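Student:
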Amino acid sequence: MNEIDAIKQAGVVGAGGAGFPTYVKMQSTVKTFILNAAECEPLLHKDKEIIRYFAGDVISGMKIAINLTGAEMGFIAVKEKYPDVIAAIDKVLDTDKIKIFPLGDFYPAGDEFELVYEITGKVIPAGGIPLDVGCVVNNVETIYNLNNAISGIPVTEKFITVAGAVENPYTARVKIGSPFLPLIEMAKPVTKYYRVIEGGPMTGTVVDHENAFVTKTTSGIIILPEDHYLIKRKTIPSKSILKITQYCTQCTRCTDLCPRHLLGHTIRPHRVMRNIGYKLTDTDVVMDVFNCCQCGLCEYFSCPVMLSPMSTIMEMKQFLILQGVKPEKGKNPEPDIEKKSRRVPVKRLIQRIGIIKYLTDAPLTEIKTEPREFTLLLKQHIGTPASPIKKPGETVKKGEKIADIEDGKLGTPVHSPVNGRIVAITGEYIRIRKA
Numbered sequence: 004m005n006e007i008d009a010i011k012q013a014g015v016v017g018a019g020g021a022g023f024p025t026y027v028k029m030q031s032t033v034k035t036f037i038l039n040a041a042e043c044e045p046l047l048h049k050d051k052e053i054i055r056y057f058a059g060d061v062i063s064g065m066k067i068a069i070n071l072t073g074a075e076m077g078f079i080a081v082k083e084k085y086p087d088v089i090a091a092i093d094k095v096l097d098t099d100k101i102k103i104f105p106l107g108d109f110y111p112a113g114d115e116f117e118l119v120y121e122i123t124g125k126v127i128p129a130g131g132i133p134l135d136v137g138c139v140v141n142n143v144e145t146i147y148n149l150n151n152a153i154s155g156i157p158v159t160e161k162f163i164t165v166a167g168a169v170e171n172p173y174t175a176r177v178k179i180g181s182p183f184l185p186l187i188e189m190a191k192p193v194t195k196y197y198r199v200i201e202g203g204p205m206t207g208t209v210v211d212h213e214n215a216f217v218t219k220t221t222s223g224i225i226i227l228p229e230d231h232y233l234i235k236r237k238t239i240p241s242k243s244i245l246k247i248t249q250y251c252t253q254c255t256r257c258t259d260l261c262p263r264h265l266l267g268h269t270i271r272p273h274r275v276m277r278n279i280g281y282k283l284t285d286t287d288v289v290m291d292v293f294n295c296c297q298c299g300l301c302e303y304f305s306c307p308v309m310l311s312p313m314s315t316i317m318e319m320k321q322f323l324i325l326q327g328v329k330p331e332k333g334k335n336p337e338p339d340i341e342k343k344s345r346r347v348p349v350k351r352l353i354q355r356i357g358i359i360k361y362l363t364d365a366p367l368t369e370i371k372t373e374p375r376e377f378t379l380l381l382k383q384h385i386g387t388p389a390s391p392i393k394k395p396g397e398t399v400k401k402g403e404k405i406a407d408i409e410d411g412k413l414g415t416p417v418h419s420p421v422n423g424r425i426v427a428i429t430g431e432y433i434r435i436r437k438a
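Position in the sequence shown (first residue = 1) + 3 = this note's numbering.
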């Protein structure tokens, strides 16, 4: 089995984003490989903890990725405010083909469009990907998993941070398919009345934590009081969001601070709000929605009257996709001359969204108890859901493949995280009871 096949068969996907299958990226030929260690979402610490404890594995995986993609140079993008993380990398870095690229403390420093521009000076065109400008970007955990895959170790575990309104914030390596509830209880929420955001506070979504399970893309479990600003904003019904667009004052703050707009892309949230609020049909503005990166700045930070530009944009984008409309590939954008001066410092962001009192370390912690059952979703990646290759009642071993992808389809297989028995299979998941 060659290295690309090993990565595919191990089920490696983007562990910090949408779950794009990594074997596809590794078949690209590029000039620059970028390791995204920015971890720009407040409260999340899992990538930093991986580097602190497993820097050698990360660098080894990065060398493999550089070799597979033919990259001339590799860069590790990490915030300069974490000198211990940089020191951990320096300690094991033994090649001139990889350099550390220090980042400022702004949001969203980890957006791949931002990273590519910061490191190469090139702007990815609208509707494009890093490959369009000769780059591949992967996050820390993805490359850690890639390194394991070459050794024949499939993805059955996930690093996550559990933080927020809790007594014991922590980062842990947990088995994929683990229920959220025991992980939340281990952190000891400070209130009985809380809600949970899966992912980061800015880009994550509020989930039913009593029926949620860890997937290959789960990066964080953020516990907040049910009356917290972010919880209230993230749970506004879509009908209400669209109804109040007409109250937009057209102050343009959302557009002025939009990271993609500042890169030169044609995304103007205030004009989208005007189009929706007054039922206008400006075609150019309608197509703008495909350029949104969903960072949440316009919605949770910029708007002075607490409207929801990002959610409005996402509603319009989803409608266009259902109608078969596809984004148009843009030309070479020109970054705004005021781009750097308009960046949002993380210190200001955490004050605005009300999480400053939850800002603390979440050290890597060993979990000594595990649940009896694990629920593994068949679609933990971009592409086609995996198809079960086992039946209820069958016994499986840890690391054994339990669902696979048809030849020619985009996707990755799913593996059992434990020795156990399959107790349920549906169109959405496989449930395994630990032996």
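Glycine residues also receive a C-beta, built at the ideal position from the N, C-alpha and C atoms.
Since the structure is predicted, the reported quantities are computational estimates derived from the model, not experimental observations.
At what residue ranges does the stretch 168 to 250 contain a whole run of the beta strand (DSSP E), taking only runs of 3 or more?
Tutor: 173 to 178, 197 to 201, 208 to 210 and 223 to 228
Student: Between the stretch 7 to 18 and the stretch 122 to 131, can you find at least three pairs of beta-carbon atoms closer than 8 angstroms?
Tutor: no
Student: Nearest-angstrom Cα distance between Lys66 and Pro86?
Tutor: Working through the sequence shown from its first residue, we reach residue 66 at position 63. Working through the sequence shown from its first residue, we reach residue 86 at position 83. If you take the alpha carbons of Lys66 and Pro86, they lie about 22 angstroms apart.
Student: Which whole-angstrom value is the C-beta distance of Gly267 and Glu337, which I expect to be below 8 angstroms?
Tutor: Against the sequence shown, residue 267 aligns to sequence position 264. Against the sequence shown, residue 337 aligns to sequence position 334. Sure, about 5 angstroms apart at Cβ, within 8 angstroms.
Student: Identify whether Ala40 lies in helix, strand or coil by the three-state DSSP scheme.
Tutor: Locating residue 40 in the sequence shown gives position 37, counting from the first residue. Coil at Ala40, not helix or strand.
Student: Return helix, strand or coil for Lys404, following the three-state DSSP convention.
Tutor: Sequence index remark: in the sequence shown, residue 404 carries index 401 (1-based). Lys404: strand per DSSP, three-state reduction.
Student: Give the DSSP-derived three-state secondary structure of Ser63 in the structure shown.
Tutor: What you label residue 63 is simply residue 60 of the sequence shown in a count that begins at 1. Residue state, collapsed to three classes: helix.
Student: Please name the residue or residues paired with Arg82 in a DSSP beta bridge.
Tutor: Residue numbering aside, residue 82 sits at position 79 when the sequence shown is read from its first letter. One detail in the question is off: residue 82 reads as Lys in this sequence, not Arg. Answer by DSSP bridge pairing, in chain order: Leu106.
Student: Count the other CB atoms, across all protein chains shown, that sit within 10 Å of the CB of Asp93; report buried if there are 16 or more and exposed otherwise.
Tutor: Numbered from 1 along the sequence shown, position 90 holds the residue referred to as residue 93. Flag for Asp93 reads exposed.
Student: To which residues does DSSP link Ser419 through a beta bridge?
Tutor: By 1-based counting over the sequence shown, the position of residue 419 is 416. The partner list for Ser419 (beta bridge, DSSP) is empty, contrary to what the question assumes.
Student: Rounded to the nearest angstrom, what separates Pro388 and Gly414 at their Cα positions?
Tutor: As a working note, residue 388 is residue 385 in the sequence shown. As a working note, residue 414 is residue 411 in the sequence shown. Cα-Cα distance, rounded: 7 angstroms.
Student: Touch check for the stretch 170 to 185 and the stretch 242 to 249: three-plus C-beta pairs under 8 angstroms?
Tutor: no
Student: Got a sec? Which residues, its chain only, sit under 6 angstroms from Glu160 by beta carbon, not counting five neighbours each side?
Tutor: Within the sequence shown, numbered from 1, the residue matching residue 160 stands at position 157. Answer for Glu160: Arg176 and Lys178, listed in chain order.
Student: Are the CB atoms of Ile405 and Val417 within a distance shorter than 7 angstroms?
Tutor: Counting from one through the sequence shown, the residue named residue 417 turns up at place 414. Counting from one through the sequence shown, the residue named residue 405 turns up at place 402. It is a contact, given that the beta carbons lie within the stated cut-off.
Student: Assign Lys161 to one of three DSSP states: helix, strand, or coil.
Tutor: For the purposes of this step, residue 161 is taken as the residue at position 158 of the sequence shown. Residue state, collapsed to three classes: strand.
Student: Express the C-alpha separation of Ala41 and Lys102 in angstroms, rounding to a whole number.
Tutor: Reading the sequence shown from its first residue, position 99 is the one you call residue 102. Reading the sequence shown from its first residue, position 38 is the one you call residue 41. Straight-line Cα distance between these residues: approximately 14 angstroms.
Student: Could you give the first and the last residue of the continuous beta strand (DSSP E) run that contains Asn1?
Tutor: Given that the chain is displayed from residue 4 to residue 438, the structure contains no residue 1 and the question cannot be resolved.
Student: Three or more C-beta pairs closer than 8 angstroms, one from the stretch 190 to 201 and one from the stretch 219 to 233: is that the case here?
Tutor: yes
Student: Per the DSSP calculation, Ala129 is bridged to which residue(s)?
Tutor: Translated into positions along the sequence shown, residue 129 becomes position 126. In the DSSP output, where bridge partners are listed per residue, Ala129 has none listed.
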